[in-house]
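Comments concern the structure below.
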Ligand SMILES: Nc1ncnc2c1ncn2[C@@H]1O[C@H](COP(=O)(O)OP(=O)(O)OP(=O)(O)O)[C@@H](O)[C@H]1O
Ligand SMILES: Nc1ncnc2c1ncn2[C@@H]1O[C@H](COP(=O)(O)OP(=O)(O)OP(=O)(O)O)[C@@H](O)[C@H]1O
Ligand SMILES: [Mg+2]
Ligand SMILES: [Mg+2]
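Chains as they are written, first to last, in my numbering: chain A, 180 to 402; chain B, 180 to 402.
This is the structure we're talking about:
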């Protein structure tokens, strides 16, 4: 579903340049789950932001779902992302003034759907992550792990072709973490979604899965 | 160091009341590490906020370092907290416009210390969490796990008598997580600090430690 070659990202700051990603190559298989692992600060979120078209590489090529994305304009990239990609952010990025239901409906606003069907689908996904009783609360009125699950529901609600999850279970207990990974697995099987999960919890990695290990901005063999 | 009896917290919202904590009793031993565990949404952060004097209970009694804290005014509670307590927030709460060093110096601003010694100590603790090279960056210019470590350094810098850490390793890889817990252990031994760590990662729990398990707002036996 995704292939990338020589992908680099250097953050340019006032006085110094930070080479966060130094020429990584790899691929994400269609309708399969790929795990991204590596130490804190190694470049995982940077890679995920490039795969999710949230940022542009400094160098390198990337093809997503057959499209050469390095050639897209900002507007085309934004449209492509809205169409095909669901992203769970490491810091959730929920909108504080909207209810959980409104937060999860958000990605559906630019789709040809009735108001009623958007609401139904948002409730369905909040239910799927165990938050059916909290739909009218705001992000500030729930727990850390509950906020994490709202971010997950929001990424799934548009039933994306490519799901990118940056440490989606960091704030969850073991039982809930397994339920979340099982949910993403079901989505993969039922909707042919390609799933990318970045995690520090090696117990979550299903045996036989593809693993991309990032150390100091480069791909490295597995531990 | 801390003992509490019948501690309750009900969040009052427009139309509904949420009994997040329903009469919990227990204690935190001096110069020892106590772990707080339990499922997502069970009431752990709520309990930690009460122990850290960040919030008031709806009912119950609590004594911290010999002081009956339920009798304190808001101003007295804030002073007590600044004097004795260090808190690592589940969502970090860093100040985006300040550098990492300024963020970590912040708790020292109301202390009788020279500008130079505050700076030295902030750098010392940033070094201790592996961020010595990043001191002039801002929170938005580092990784998620690096932000988590800044929050930890900031909680330790005032060398508190009571350290409360709400899921301090959620965004850290295994190796870095162990270094952080070892650092908190050293602080406990060298400074007689009483340490409370809330975590979903049961591998971090040192054998023989005290564990308070919270399920659905009440203390429950260990798994
Ligand atoms: N400000 C609030 N208003 C209303 N309800 C709240 C508020 N904050 C938390 N809650 C609710 O209180 C319960 C306990 O929340 P708490 O944050 O203590 O859970 P937790 O054990 O820390 O969970 P997690 O492991 O997900 O961080 C949850 O059901 C949550 O939805
Ligand atoms: N906006 C930025 N400006 C400058 N440097 C940055 C910026 N964002 C990240 N970095 C740096 O780039 C490197 C990689 O960051 P990244 O967020 O990709 O790490 P990560 O692997 O996701 O880490 P973690 O596991 O802690 O989340 C880090 O050293 C970080 O400090
Ligand atoms: Mg990251
Ligand atoms: Mg919590």
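Backbone N, C-alpha and C define an ideal beta-carbon position, used for all residues, glycine too.
When only Cα atoms are considered, residue 386 (chain B) and residue 196 (chain B) end up about 38 Å apart.
Along the segment 208-219 of chain B, going in chain order, the ones with a CB nearer than 7 Å to a CB of chain A are 218, 219. Against chain A, a Cβ distance below 8 Å from residue 350 (chain B) picks out 219, 269, 346, 349, 379. Cβ neighbours of residue 271 (chain B) within its own chain (closer than 7 Å, five residues either side excluded): 326, 327, 330.
Contact residues of the segment 349-378 of chain A toward chain B are 349, 350, 351, 352, 353, 354, 355, 356 (C-beta to C-beta distance below 9 Å). Any Cβ of chain B closer than 7 Å to the Cβ of residue 322 (chain A) would place that residue at the interface, and such an atom is present.
Within the segment 292-370 of chain B, the runs of alpha helix (DSSP H) that reach at least 4 residues and sit entirely inside it are, in chain order, 294-307, 323-335, 353-370. Annotated three-state conformation of residue 209 (chain A) is coil, per DSSP. Between residue 298 (chain B) and the set B:280, B:227, B:306, B:312, the nearest pair of CA atoms involves B:280.
Scanning chain A for C-beta atoms nearer than 9 Å to the C-beta of residue 325 (chain B) yields 219, 220, reported in chain order.
Taking C-beta separations shorter than 6 Å and ignoring five residues to either side along the sequence, the partners of residue 376 (chain B) in its chain run 214, 344, following chain order. Within the same chain, and ignoring the five residues on either side of residue 293 (chain B) in sequence, no residue has its Cβ closer than 8 Å to its Cβ. Our two residues, residue 237 (chain A) and residue 398 (chain A), have alpha carbons roughly 17 Å apart in a direct line.
Going by beta carbons, residue 346 (chain A) and residue 262 (chain A) fall outside the 7 Å limit. Collapsing the DSSP output to three states places residue 258 (chain A) in a helix. In terms of CA proximity to residue 231 (chain A), A:181 leads the group A:285, A:363, A:389, A:181. In the displayed model, residue 218 (chain A) falls within coil according to three-state DSSP, outside both helix and strand. The distance from the Cβ of residue 333 (chain B) to that of residue 283 (chain B) is about 5 Å, consistent with a contact at the 8 Å cut-off. With respect to the C-alpha of residue 338 (chain A), the residue from A:257, A:217, A:304 having the closest C-alpha is A:304. Setting aside the 5 residues that flank it on each side, residue 229 (chain A) is surrounded in the same chain by 183, 186, 188, 200, 235, 236, 241, each with a C-beta closer than 8 Å to its C-beta; the list follows chain order.
By the CB criterion at 7 Å, residue 322 (chain B) and residue 220 (chain A) fall inside the cutoff. Shown in chain order are the residues whose CB sits closer than 5 Å to a heavy atom of ligand 1: A:320, A:321, A:322, A:323, A:324, B:190, B:197, B:199, B:219, B:220, B:221, B:222, B:223, B:224, B:225. Separation of residue 193 (chain B) and residue 302 (chain A) (C-alpha to C-alpha, rounded to the nearest whole angstrom) is 21 Å.
Residue pairing from DSSP leaves residue 233 (chain A) without any beta-bridge partner.
With a cut-off of 6 Å, the C-beta of residue 255 (chain A) is classified as distant from ligand 3, since no heavy atom of the ligand falls inside that distance. Secondary structure of residue 378 (chain B) (DSSP, three-state): coil. At least one heavy atom of ligand 3 is found less than 6 Å from the C-beta of residue 269 (chain A). Out of B:363, B:358, B:239, the CA that lies nearest to the CA of residue 335 (chain B) is found in B:363. Between residue 355 (chain A) and the set A:383, A:367, A:394, the nearest pair of CA atoms involves A:383.
Sequence-distant Cβ neighbours of residue 224 (chain B) in its own chain, meaning closer than 8 Å and more than five residues away, are 269, 345, 377. Residue environment for residue 371 (chain A): exposed (fewer than 16 other C-beta atoms within 10 angstroms of its C-beta). When the five nearest sequence neighbours on each side are left out, the beta carbons in the same chain lying within less than 6 Å of the beta carbon of residue 350 (chain B) are those of 323, 324, 327, in order along the chain. Proximity to residue 274 (chain B) across B:353, B:319, B:190, B:395 peaks at B:319, based on C-alpha coordinates.
Between residue 367 (chain B) and residue 212 (chain B) the beta-carbon gap is near 6 Å, inside 8 Å, which marks them as a contact.
Around the Cβ of residue 380 (chain B), a 10 Å sphere holds 16 or more other Cβ atoms; the residue is buried.
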